[in-house]
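Residue numbers (our numbering), protein chains in the order written: chain A, 654 to 788; chain B, -16 to 381. C-beta: ideal position from N, C-alpha, C; glycine also. Computed from a predicted model, the values in this text were never measured in an experiment. Inspection log for the structure reproduced underneath, given as structure tokens.
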């Protein structure tokens, strides 16, 4: 499909999401927030901790993590099959992203490495992962 | 004890009528056409005109329709019904059950005498014939619903989200694909006895496993069809139902729980859905009932693996044990309608189809599916990736 959407998402993207994507684009690292008081890390990032109402601080997540789950999308605006949709455990957070297929080559728990990918039609970098070099 | 608190001045809401055209394909109808048909069918069973209603509780007209604001008033105008309560509720797949709650609350408070809850959806053609650029507004709307972290990955359907959870579920518990397919086969057997069901031809496990893999590990026949359909439920006070001699299904327990996450509960166990468990516990506690006392249940289950995880979240069986329980022939009183997989699934109407199934069972109107004298039933609905849930306990009344 040739539809190239992206701008439709801009008006609903909150300040925290904009900061997440700014950091990903500029540093190639995914980040989220941690409560400055209770130390709880959550994704998505939020400006204040819902439990203790303390301000949060941004923390960078590790660039390697493990596959929590993966599948492919039959119908999608982008990243349809054979690209693989993944949830990746990065430190104390789980983030969504994509990894190159084929899906048959992947196993839950596989180590993967973040390689942020610029998507021009969105004006964003997204979380693309690649299998980490095996020891 | 009232479903909404122990206050004597509240009255108990009772479902006294149900109407729904067969679930399926209605390419020439709008959601409001189907809503009107369901509503007239429900009122006809009470031999009442539309004008007898004094409360109208609607569900958003679908997911991919771009609908102008103030649809409730346009529908009221079309029907010619002035009311003392008029609203439209939207919270994903749970919407219709939450609209039902709103109606029950108004009836319980005595604000409304005869409330109609109506959900309808007719947008199948958008997904049936592929997607073209003429649909771009609607496509972008569906995509945007996935929020700032999933929408950019191109999502247009909930299937991949459920597939992520299903993959992890099969992996963690070592469940064989055939064991999941068995649920689809059994639901189809039940649907054969339901004239409202969209899919009634017999299925085998081989048929299910031979169907297209939509999003691994979910096969097409393990996914509910994106159906057109509508359902209407009429709610009044127990006093009015007794006075008119209307048998019904009284709301005796309600529970709901919602995670903060949109679609994917990031960082949580993808095989456990404590929100469903919490909603179930609360509903049963408020009804003063135990699971063993439930004679019949309707569970949302939009995908076979999700339905199995829902059984477990509701503590109907042990974690990882649902497929084996189904294979042993247990849980035969769940989704007698055929469930979402075979009854069909117009999400904005689905929870009312579930309420209707329980109403028909509790009032002896379930035809070939009828159980012997059921007294208590349960309805469960969800939104997101099962990380928001609502549960109602209904009991035979009058």
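{"Item": "Whole-number beta carbon distance between residue 42 of chain B and residue 2 of chain B, since they are thought to touch under 8 angstroms", "Value": "Going by Cβ atoms, the distance from residue 2 of chain B to residue 42 of chain B rounds to 15 angstroms, so no, they are not a contact pair."}
{"Item": "Closest residue to residue 299 of chain B among B:151, B:270, B:280 (Cα-Cα distance)", "Value": "B:280"}
{"Item": "The segment 763 to 783 of chain A in contact with the segment 735 to 753 of chain A per 3-pair CB rule at 8 angstroms", "Value": "yes"}
{"Item": "Span separating the alpha-carbon of residue 364 of chain B from that of residue 373 of chain B", "Value": "5 angstroms"}
{"Item": "Endpoints, beta strand (DSSP E) assigned at residue 104 of chain B", "Value": "97 to 104"}
{"Item": "Beta strand (DSSP E) runs wholly inside the segment 12 to 57 of chain B, at least 3 long, in chain order", "Value": "38 to 42"}
{"Item": "Sub-8 angstroms separation of residue 37 of chain B and residue 13 of chain B beta-carbons", "Value": "no"}
{"Item": "Beta-carbon neighbours of residue 789 of chain A, restricted to chain B and to distances below 7 angstroms", "Value": "Limits of chain A in this structure are 654 at one end and 788 at the other, which puts residue 789 of chain A out of reach."}
{"Item": "Min CB distance residue -10 of chain B to chain A below 8 angstroms", "Value": "Residue placement at residue -10 of chain B cannot be trusted, given a pLDDT of 49 that sits under 50; what the coordinates show is reported in the next sentence. For residue -10 of chain B, the answer is no, since every Cβ of chain A falls outside 8 angstroms of its Cβ."}
{"Item": "Three CB pairs or more closer than 8 angstroms across the segment 240 to 257 of chain B and the segment 22 to 41 of chain B", "Value": "no"}
{"Item": "Partners in chain B for residue 731 of chain A, counting only beta-carbon separations shorter than 9 angstroms", "Value": "135, 136, 137"}
{"Item": "Contained alpha helix (DSSP H) runs [length at least 4] in the segment 654 to 701 of chain A, N- to C-terminal order", "Value": "660 to 663, 668 to 680"}
{"Item": "The segment 248 to 275 of chain B: positions lying closer than 7 angstroms to chain A by Cβ", "Value": "249, 250, 253"}
{"Item": "Chain B contacts from the segment 707 to 729 of chain A (Cβ-Cβ distance under 9 angstroms)", "Value": "721, 722, 723, 724, 725, 726, 727, 728, 729"}
{"Item": "C-beta contact flag for residue 666 of chain A and residue 131 of chain B at 8 angstroms", "Value": "yes"}
{"Item": "Residue 50 of chain B at chain A interface by Cβ criterion, 8 angstroms", "Value": "no"}
{"Item": "Chain B contact for residue 755 of chain A (CB, 8 angstroms cutoff)", "Value": "no"}
{"Item": "Extent of the continuous beta strand (DSSP E) run through residue 258 of chain B", "Value": "Here residue 258 of chain B belongs to no beta strand (DSSP E); instead the alpha helix (DSSP H) covers 257 to 270."}
{"Item": "Below-8 angstroms beta-carbon distance, residue 735 of chain A vs any chain B residue", "Value": "no"}
{"Item": "Contacting positions in the segment 88 to 109 of chain B - beta carbon closer than 9 angstroms to chain A", "Value": "none"}
{"Item": "Stretch-stretch touch, CB-based, cutoff 8 angstroms, three pairs: the segment 209 to 226 of chain B with the segment -6 to 11 of chain B", "Value": "yes"}
{"Item": "Three or more C-beta pairs below 8 angstroms linking the segment 139 to 146 of chain B and the segment 170 to 185 of chain B", "Value": "no"}
{"Item": "Closer than 8 angstroms to chain B by CB, residue 666 of chain A", "Value": "yes"}
{"Item": "8 angstroms CB neighbourhood of residue 354 of chain B in its chain, flanking five on each side removed", "Value": "278, 279, 316, 319, 344"}
{"Item": "Same chain only: Cβ atoms within 7 angstroms of residue 260 of chain B, ignoring 5 sequence neighbours per side", "Value": "296, 297, 298"}
{"Item": "Any chain A beta carbon closer than 8 angstroms to residue 147 of chain B", "Value": "yes"}
{"Item": "Residue 198 of chain B vs residue -1 of chain B beta-carbon contact at 8 angstroms", "Value": "no"}
{"Item": "is_contact[residue 370 of chain B, chain E] using C-beta, thresh 8 angstroms", "Value": "This model lacks chain E altogether; the protein chains it does include are A and B."}
{"Item": "Chain-ordered chain A contacts of residue 142 of chain B [CB-CB under 9 angstroms]", "Value": "724, 726, 727, 728"}
{"Item": "Min CB distance residue 747 of chain A to chain B below 8 angstroms", "Value": "yes"}
{"Item": "For residue 740 of chain A and residue 719 of chain A, the rounded distance between their alpha carbons", "Value": "9 angstroms"}
{"Item": "Short CB-CB distance (under 8 angstroms) between residue 355 of chain B and chain A", "Value": "no"}
{"Item": "Members of the segment 669 to 693 of chain A that neighbour chain B once the beta carbon cut-off is set at 7 angstroms", "Value": "670"}
{"Item": "Sub-8 angstroms separation of residue 329 of chain B and residue 201 of chain B beta-carbons", "Value": "no"}
{"Item": "Contacting positions in the segment 317 to 339 of chain B - beta carbon closer than 7 angstroms to chain A", "Value": "none"}
{"Item": "Counted within 10 angstroms of its Cβ, other Cβ atoms place residue 293 of chain B as buried (16 or more) or exposed", "Value": "buried"}
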